[in-house]
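Trainee: Residue numbers for the sequence shown, in my numbering: 27 to 514.
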Amino acid sequence: MTRLGVLVFAIVLLAVGGTLVSLNGCGGVSGTNPGSTGKIQHVVIIFQENRTPDNLFQGLCTANGGVPGCGTSSTQYDLAQRGKDSTGNTIQLKQVNLAVDYDMDHSHTAFSQMCDLNAAGQCQMDGANLIQVGCKPGATDCPAPDLQYGYVDPTQVQPYLQLAEQYTFADRMFQTNQGPSMPAHQFIISGTSAPKAGSNLFASENPKTSGPPDAGCDAPAGSTVKLIDPAGSEDSNAAIYPCFDHPTLTDLLEAKGDTWRYYTSSGYAGGSGLAFWNGPEAIQHICGTLTSSSTCGGADFTSHVILNQTQILTDVANQQLPDVSWVIPSGQASDHAGSLEGNQGPSWVASVVNAIGNSRYWANTAIFIAWDDWGGWFDHVAPPQVLVNCAQWGCGYVYGFRVPLIVVSPYAKAKYISKKQHDFGSILKFIEGTFGLPSLGYADAVADDLSDCFDMNQTPLPFQTIPSALNAQFFLNDKTPPLDPDDD
27 MTRLGVLVFA
37 IVLLAVGGTL
47 VSLNGCGGVS
57 GTNPGSTGKI
67 QHVVIIFQEN
77 RTPDNLFQGL
87 CTANGGVPGC
97 GTSSTQYDLA
107 QRGKDSTGNT
117 IQLKQVNLAV
127 DYDMDHSHTA
137 FSQMCDLNAA
147 GQCQMDGANL
157 IQVGCKPGAT
167 DCPAPDLQYG
177 YVDPTQVQPY
187 LQLAEQYTFA
197 DRMFQTNQGP
207 SMPAHQFIIS
217 GTSAPKAGSN
227 LFASENPKTS
237 GPPDAGCDAP
247 AGSTVKLIDP
257 AGSEDSNAAI
267 YPCFDHPTLT
277 DLLEAKGDTW
287 RYYTSSGYAG
297 GSGLAFWNGP
307 EAIQHICGTL
317 TSSSTCGGAD
327 FTSHVILNQT
337 QILTDVANQQ
347 LPDVSWVIPS
357 GQASDHAGSL
367 EGNQGPSWVA
377 SVVNAIGNSR
387 YWANTAIFIA
397 WDDWGGWFDH
407 VAPPQVLVNC
417 AQWGCGYVYG
427 FRVPLIVVSP
437 YAKAKYISKK
447 QHDFGSILKF
457 IEGTFGLPSL
467 GYADAVADDL
477 SDCFDMNQTP
487 LPFQTIPSAL
497 NAQFFLNDKT
507 PPLDPDDD
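1. By Cβ distance below 8 Å, which residues in the same chain neighbour F270 in space, the five residues on each side in sequence not counted?
2. Do you know offhand how far I215's Cα is from G305's?
3. Report the three-state DSSP secondary structure of L463 (helix, strand or coil).
4. Whose C-beta lies closer than 8 Å to the C-beta of T315 among residues of the same chain, with five residues either side of it excluded?
5. Report yes if the CB atom of D399 is closer than 8 Å to the CB atom of Q201, and no otherwise.
6. Compare the Cα-Cα distances from T135 to each of L86, K252, Q148 and Y128 and report the closest residue.
7. Please confirm whether L431 and A396 have their CB atoms less than 8 Å apart.
8. Please state the DSSP three-state secondary structure of Q74.
9. Can you tell me whether S444 is helix, strand or coil according to DSSP?
10. Mark S298 as exposed unless 16 or more other C-beta atoms lie within 10 angstroms of its C-beta, in which case mark it buried.
11. Going by Cα to Cα distance, which pick from G153, S225 and R386 is closest to T116?
12. Under DSSP, the beta strand (DSSP E) around V375 begins and ends at which residues?
13. Considering only the beta carbon of each residue, do S377 and N503 sit closer than 8 Å?
14. Fully enclosed by the segment 163 to 232, which beta strand (DSSP E) runs are 3 residues long or longer?
15. Are the Cβ atoms of F404 and Y128 separated by less than 8 Å?
16. Between T391 and T285, what straight-line distance do the alpha-carbon atoms span, to the nearest angstrom?
17. Is D470 helix, strand or coil by DSSP?
18. Where D277 and G459 are concerned, what is the direct C-alpha to C-alpha distance, given to the nearest angstrom?
19. For V178 and E191, what's the separation of their Cα atoms in angstroms?
20. Buried or exposed for E367, please, with buried defined as at least 16 other CB atoms from any protein chain shown within 10 angstroms of its CB.
21. From the DSSP output, in three-state form, read off I453 for me.
22. Distance check for R287 and S385, CA to CA, integer angstroms please.
23. Do you know how far the Cα of P355 is from the Cα of R29?
24. Starting from the N-terminal side, write out each stretch of the beta strand (DSSP E) that is 3 residues or longer and does not extend beyond the segment 105 to 135.
25. Below 8 Å, how does it come out for the segment 484 to 500 and the segment 234 to 242: are there three or more Cβ pairs, yes or no?
26. Can you pull the DSSP bridge partners for A389?
27. Just list the beta strand (DSSP E) runs in the segment 297 to 327, keeping only unbroken ones of 3 residues or longer that don't cross its boundaries, in chain order.
28. Could you tell me how far apart the beta carbons of G401 and H132 are, in whole angstroms, since I believe they sit closer than 8 Å?
29. Cα separation between L187 and G85?
30. Around the Cβ of C416, are there at least 16 other Cβ atoms within 10 angstroms (buried) or fewer (exposed)?
31. Tell me whether P206 is buried or exposed, calling it buried when 16 or more other Cβ atoms sit within 10 Å of its Cβ.
32. Can you name, in chain order, every residue of its own chain whose Cβ lies under 7 Å from the Cβ of I157, other than the five neighbours on each side?
33. Please classify S62: does DSSP put it in a helix, a strand, or coil?
34. How far does the beta strand (DSSP E) with K252 in it reach, from first residue to last?
35. Output needed for D167: all residues of its chain with C-beta closer than 7 Å, excluding positions within five of it in sequence on either side, in chain order.
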């Protein structure tokens with residue numbers, strides 16, 4: 027058993043704001059859910075890829091009139107321009123392009139390296155230099171020292187900066203899992219990556235497969251995904267076929283008569299999409315019986331999983347936006363490192379937000395823009411310990427690293443920096459409160475509900491179109507095959 031496993035899973039406590047508090051069961055800490063007012067009738071989750079606040083949002087340091095001292099005041103964005111490495115050296119973050127010709131390991135092992143847990147059970151955040159960097163064929167910027175310590179040129183992410191500055195930016199948002207994309211995409215639809223209800227095992231990595239598809243209930247025979255057990259052992263991980271069956275938020279929505287759609291790229295020919303990023307594809311009761319072409323053929327999948335992410339734009343225009351939407355990008359628009367073509371993300375997000383903002387849906391919609399994992403990029407904020415006395419959730423848990431979150435709504439607090447602790451379960455809990463749903467009993471049960479990000483009594487904010495290099499028509503007319511997720 028690793029030292030990380032012992033400290034993470036042996037204690038049955040919840041750490042909130044640095045104070046250890048016992049939990050009796052799975053009750054979370056929350057105020058009055060802002061969605062329960064009835065003013066929010068649609069929720070849209072835009073789920074991007076592989077960034078940290080320190081990496082993607084350095085331009086916020088000059089927000090609000092160029093106030094100096096970014097990262098030093100509780101009223102300002104907590105962003106660092108330098109960090110420690112494993113030898114104790116201070117590394118200055120280097121400006122890089124949004125699209126680069128390398129990618130960092132962001133597996134559970136890489137989490138452990140960057141975290142560098144100490145005897146007190148806290149991540150020291152000084153091991154990013156130990157994370158493996160993979161250079162793409164023909165790379166000109168790789169190999170090079172300390173590529174993990176990079177921040178994106180602010181001129182290339184202006185739509186993100188404008189959204190963060192106009193609405194609410196959460197700089198204490200953490201991914202709920204400690205690894206890569208597939209588990210994260212399970213957490214954002216269900217609050218867990220457990221293979222089945224009641225299990226205390228969790229998927230910790232992306233699958234190994236001979237696919238496509240590379241994950242899910244239609245993956246080729248012999249595909250496996252590693253599980254982490256309550257001991258946190260990395261030495262003897264179990265591995266199972268990457269097809270799970272546990273309750274999801276979509277089940278709760280359907281039981282209440284609420285509508286949902288999961289918009290994702292069509293991805294692989296003959297497959298059900300970019301499967302690393304297609305959470306429903308790995309849920310047996312959603313995927314259903316496979317078709318003759320070995321793709322998911324269940325009624326839930328074919329009715330609600332839209333294998334064309336740009337349909338979110340036409341659904342808004344045609345006044346067919348469902349109650350809850352998950353919006354998953356193509357590889358080109360994902361913000362995922364490792365492709366010189368992958369610079370469309372800010373324009374893609376702006377296009378979706380502009381479509382909603384300039385429609386009748388603006389008046390009653392909450393948009394959450396989040397990134398699924400840290401992608402191997404340095405971030406200076408240590409994740410909190412969250413160790414939960416809850417048999418259904420498992421013996422305990424520690425969050426993964428910080429990821430960005432922007433909350434966009436006429437009722438989002440304007441020009442607000444949230445310092446409250448959030449994770450993917452917070453988004454689920456907000457949706458549960460909005461639509462009067464019961465708790466799934468997983469990450470949502472112990473998360474906050476994003477109450478501090480909203481003021482439901484404020485005069486609704488008018489929408490201002492977000493300028494971007496590419497507009498909605500570009501994405502609607504683009505026939506370029508979507509890039510696959512390259513997370514190996």
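Note that beta-carbon positions come from the ideal geometry of N, C-alpha and C, so glycine has one too.
Mentor: Here's the rundown:
1. As a working mapping, residue 270 is identified with position 244 in the sequence shown. The answer, listed in chain order, is Q212, S219, A220, P221, K222, A229, A308, I309 and Q310.
2. Within the sequence shown, residue 215 is the residue found at index 189, counting from 1. Within the sequence shown, residue 305 is the residue found at index 279, counting from 1. Answer to the nearest angstrom: the Cα atoms are 7 Å apart.
3. Residue numbering aside, residue 463 sits at position 437 when the sequence shown is read from its first letter. Three-state DSSP puts L463 in coil, outside helix and strand.
4. Against the sequence shown, residue 315 aligns to sequence position 289. Around T315: G323 and G324.
5. Start at 1 with the first residue of the sequence shown, and residue 399 comes out as number 373. Start at 1 with the first residue of the sequence shown, and residue 201 comes out as number 175. In contact: D399 and Q201 (Cβ atoms closer than 8 Å).
6. The sequence position of residue 135 within the sequence shown is 109, counting from 1. The candidate whose alpha carbon is nearest that of T135 is K252.
7. Stepping through the sequence shown from its first residue, residue 431 is reached at position 405. Stepping through the sequence shown from its first residue, residue 396 is reached at position 370. For L431 and A396, yes; Cβs fall inside 8 Å.
8. Looking up residue 74 in the sequence shown gives position 48. Of the three classes helix, strand and coil, the one that applies to Q74 here is strand, per DSSP.
9. Taking the first residue of the sequence shown as 1, we reach residue 444 at position 418. Three-state result, S444: strand.
10. Counting from one through the sequence shown, the residue named residue 298 turns up at place 272. Low confidence applies to S298: its pLDDT is 48, below 50, so where it sits in the model is not reliable, and the reading given next is rough at best. Per the 10 Å Cβ criterion, buried.
11. For the purposes of this step, residue 116 is taken as residue 90 along the sequence shown, with counting starting at 1. It is G153.
12. Stepping through the sequence shown from its first residue, residue 375 is reached at position 349. Taken as a continuous stretch (DSSP letters only), V375 belongs to no beta strand (DSSP E), being part of the alpha helix (DSSP H) at G371 to G383.
13. The sequence position of residue 377 within the sequence shown is 351, counting from 1. The sequence position of residue 503 within the sequence shown is 477, counting from 1. Not a contact, by the Cβ cut-off of 8 Å.
14. 176 to 178 and 194 to 196
15. Reading the sequence shown from its first residue, position 378 is the one you call residue 404. Reading the sequence shown from its first residue, position 102 is the one you call residue 128. No.
16. Position 365 of the sequence shown, counted from the start, is the residue given in the question as residue 391. Position 259 of the sequence shown, counted from the start, is the residue given in the question as residue 285. Approximately 14 Å between the Cα atoms of the pair.
17. Here residue 470 is taken as the residue at index 444 of the sequence shown, counted from 1. Residue state, collapsed to three classes: helix.
18. Counted from its first residue, the sequence shown places residue 277 at position 251. Counted from its first residue, the sequence shown places residue 459 at position 433. So the two alpha carbons sit approximately 15 Å from each other.
19. By one-based count along the sequence shown, residue 178 stands at place 152. By one-based count along the sequence shown, residue 191 stands at place 165. Approximately 17 Å between the Cα atoms of the pair.
20. For the purposes of this step, residue 367 is identified with residue 341 of the sequence shown, where counting begins at 1. E367 comes out exposed.
21. By 1-based counting over the sequence shown, the position of residue 453 is 427. In the structure shown, I453 sits in a helix (DSSP, three-state: H, G or I).
22. Stepping through the sequence shown from its first residue, residue 385 is reached at position 359. Stepping through the sequence shown from its first residue, residue 287 is reached at position 261. Answer to the nearest angstrom: the Cα atoms are 19 Å apart.
23. One-based indexing of the sequence shown puts residue 29 at position 3. One-based indexing of the sequence shown puts residue 355 at position 329. Here R29 scores only 37 on pLDDT, less than 50, and its place in the model should not be relied on; the value that follows carries that caveat. Roughly 37 Å between the two C-alpha positions.
24. 108 to 110, 116 to 118, 120 to 122 and 128 to 130
25. no
26. Residue numbering aside, residue 389 sits at position 363 when the sequence shown is read from its first letter. DSSP lists no partner for A389.
27. none
28. As a first step, residue 401 is located in the sequence shown; it is residue number 375 there, counting from the start. As a first step, residue 132 is located in the sequence shown; it is residue number 106 there, counting from the start. With a Cβ gap of about 5 Å, G401 and H132 count as contacting.
29. Locating residue 187 in the sequence shown gives position 161, where the first residue counts as 1. Locating residue 85 in the sequence shown gives position 59, where the first residue counts as 1. Taking the straight line joining both Cα atoms gives about 7 Å.
30. Taking the sequence shown and counting its residues from 1, one reaches residue 416 at position 390. Its pLDDT being 44, under 50, C416 is placed unreliably by the model, and nothing is read from it.
31. Along the sequence shown, read from residue 1 onward, the residue named residue 206 stands at position 180. Classification for P206: buried.
32. Taking the sequence shown and counting its residues from 1, the one referred to as residue 157 is at position 131. M130, D131, A136, Q139, M140, Q174 and G402.
33. Mapped onto the sequence shown, residue 62 falls at position 36. The answer is helix: DSSP assigns S62 an H, G or I state.
34. For the purposes of this step, residue 252 is identified with residue 226 of the sequence shown, where counting begins at 1. It spans V251 to I254 - the beta strand (DSSP E) in which K252 sits, taken as one unbroken run.
35. Here residue 167 refers to the residue found at position 141 of the sequence shown. V126, D127 and Y128, listed in sequence order.
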